[in-house]
Amino acid sequence: MLAPDIIALALAHQFRSLRLEDRQVLTNHLTSLPSTIEEAVEVQRQLSKLEGADVPAWKVAKSPDGRPVVAPLYPYLDEPSDAPVAWRKGMKIEVEIAVSLDKDLPVQTDRAYERSDIEAAVSEVYLGAELVWSGIAEGGSVSFLAFLADRLGNAGYVRGPALPLAILQPGSNIPLKLWLNKQVAFDNAAQHPTKDVLTWLCEYANDRSRPASSLKAGAVITTGSLCGAVDVHDPSQVSIQLGEYAALKFLLS
Numbered sequence: 049m050l051a052p053d054i055i056a057l058a059l060a061h062q063f064r065s066l067r068l069e070d071r072q073v074l075t076n077h078l079t080s081l082p083s084t085i086e087e088a089v090e091v092q093r094q095l096s097k098l099e100g101a102d103v104p105a106w107k108v109a110k111s112p113d114g115r116p117v118v119a120p121l122y123p124y125l126d127e128p129s130d131a132p133v134a135w136r137k138g139m140k141i142e143v144e145i146a147v148s149l150d151k152d153l154p155v156q157t158d159r160a161y162e163r164s165d166i167e168a169a170v171s172e173v174y175l176g177a178e179l180v181w182s183g184i185a186e187g188g189s190v191s192f193l194a195f196l197a198d199r200l201g202n203a204g205y206v207r208g209p210a211l212p213l214a215i216l217q218p219g220s221n222i223p224l225k226l227w228l229n230k231q232v233a234f235d236n237a238a239q240h241p242t243k244d245v246l247t248w249l250c251e252y253a254n255d256r257s258r259p260a261s262s263l264k265a266g267a268v269i270t271t272g273s274l275c276g277a278v279d280v281h282d283p284s285q286v287s288i289q290l291g292e293y294a295a296l297k298f299l300l301s
């Protein structure tokens, strides 16, 4: 029987190849399927090593059974200006808010973090855009753990300009517009799935099984889509406007 790390490395190699070739396969064509969140995270780690990804940037989400999960953001681009970002057939885009931590949030066993603890650890808030594409044709609908191993479908993240810390307060009603090639793709109030952009980060901080090395000062965490997942059918000039606070533009090509 192959050692677990060898199995994880084989799957990481397959995901790496699929990304390089812009190719998707059905779940049953994967070399293996992780059976636990820990195994899926090990595939993430191996994939990051193969790609040379070493940026402390993460997305937080929730598994179908309610457990908080994270995945690395790669490639991670900081206000790319005119530099193009890779487009893939079947790609989607999610407008999100990212936060930067200026203090560690260590695993706690004696008490739970309150929302105020998480907010106090945030030093900066940014407008951002996550690019979503998976090497798995069905995404996470067949095996969520395989999808988690494939970085929850993250295919890149563009971090834009800073936002005021007050934008973290739940219950705000901020207009959000997204244009693709000057065509409106979303025009509505920004709306996080939980109504609070810090929900999943707070839940992950309180996950006592998370790695001790997670949520360190300097980490950047994107918090979930404000507009759902919008299809990007063609290479596009992306323009985003969040209320009167900030704008972000970049090229998908």
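In the numbering used here, the protein residues as written are 49 to 301.
Cβ atoms here follow ideal geometry from the backbone N, Cα and C, with glycine treated the same way.
- For the pair of segments examined, the region 196-212 was found to touch the region 114-131: the number of CB pairs separated by less than 8 Å reaches three.
- The Cβ atoms of Val-268 and Ala-105 lie closer than 9 Å to each other.
- In the three-state reduction of the DSSP assignment, Ile-222 falls in the coil class.
- DSSP, reduced to helix, strand and coil, places Lys-97 within a helical segment of the structure shown.
- The Cβ atoms of Ala-238 and Leu-290 sit closer than 9 Å to each other.
- In the three-state reduction of the DSSP assignment, Asp-198 falls in the coil class, being assigned neither a helical nor a strand state.
- The way I'd put it, the region 138-152 does touch the region 170-177; three or more beta-carbon pairs between them come closer than 8 Å.
- If you check the CB distance, Leu-78 and Leu-57 do not come in under 9 Å.
- Leu-296 is not a Cβ neighbour of Pro-283, given a cutoff of 9 Å.
- In terms of CA proximity to Trp-181, Arg-64 leads the group Ile-55, Arg-64, Ile-54 and Pro-132.
- Ranked by how close their Cα comes to the Cα of Leu-68, the residues Glu-99, Ser-261, Ile-54 and Ser-164 have Glu-99 in first place.
- The C-beta separation of Glu-178 from Glu-127 comes to about 15 Å, leaving the pair out of contact by the 8 Å criterion.
- In the DSSP annotation of this structure, the continuous segment of the beta strand (DSSP E) that includes Ile-288 starts and ends at 284-290.
- Within 10 angstroms of the beta-carbon of Ser-189 lie fewer than 16 other beta-carbons, which makes it exposed.
- Of the candidates Pro-154, Pro-223, Asp-244 and Asp-279, the residue whose Cα lies closest to the Cα of Asn-236 is Pro-223.
- In this structure, Gly-183 is the residue among Gly-183, Val-133, Val-89 and Asn-254 with its C-alpha nearest to the C-alpha of Gln-62.
- In the three-state scheme derived from DSSP, where H, G and I count as helix and E and B as strand, Trp-248 is classed as helix.
- In this structure, Ala-194 places its C-beta atom within 9 Å of the C-beta atom of Ala-88.
- Counting only residues of its own chain and dropping the five nearest sequence neighbours on each side, Lys-264 has a CB closer than 6 Å to the CB of Asp-152.
- Here Ser-273 is buried. Its C-beta has 16 or more other C-beta atoms within 10 Å.
- For Ser-171, no alpha helix (DSSP H) segment is defined; the enclosing uninterrupted segment is the beta strand (DSSP E) at 170-180.
- Take Gly-187, set aside five residues on each side of it, and the residues of its chain with a beta-carbon closer than 7 Å to its own are Phe-195 and Gly-201, in chain order.
- The beta carbon of Asp-279 sits closer than 6 Å to those of Lys-140, all from its chain and outside the five residues before and after it, given in chain order.
- Put simply, the backbone Cα of Ile-54 is about 47 Å away from that of Tyr-293.
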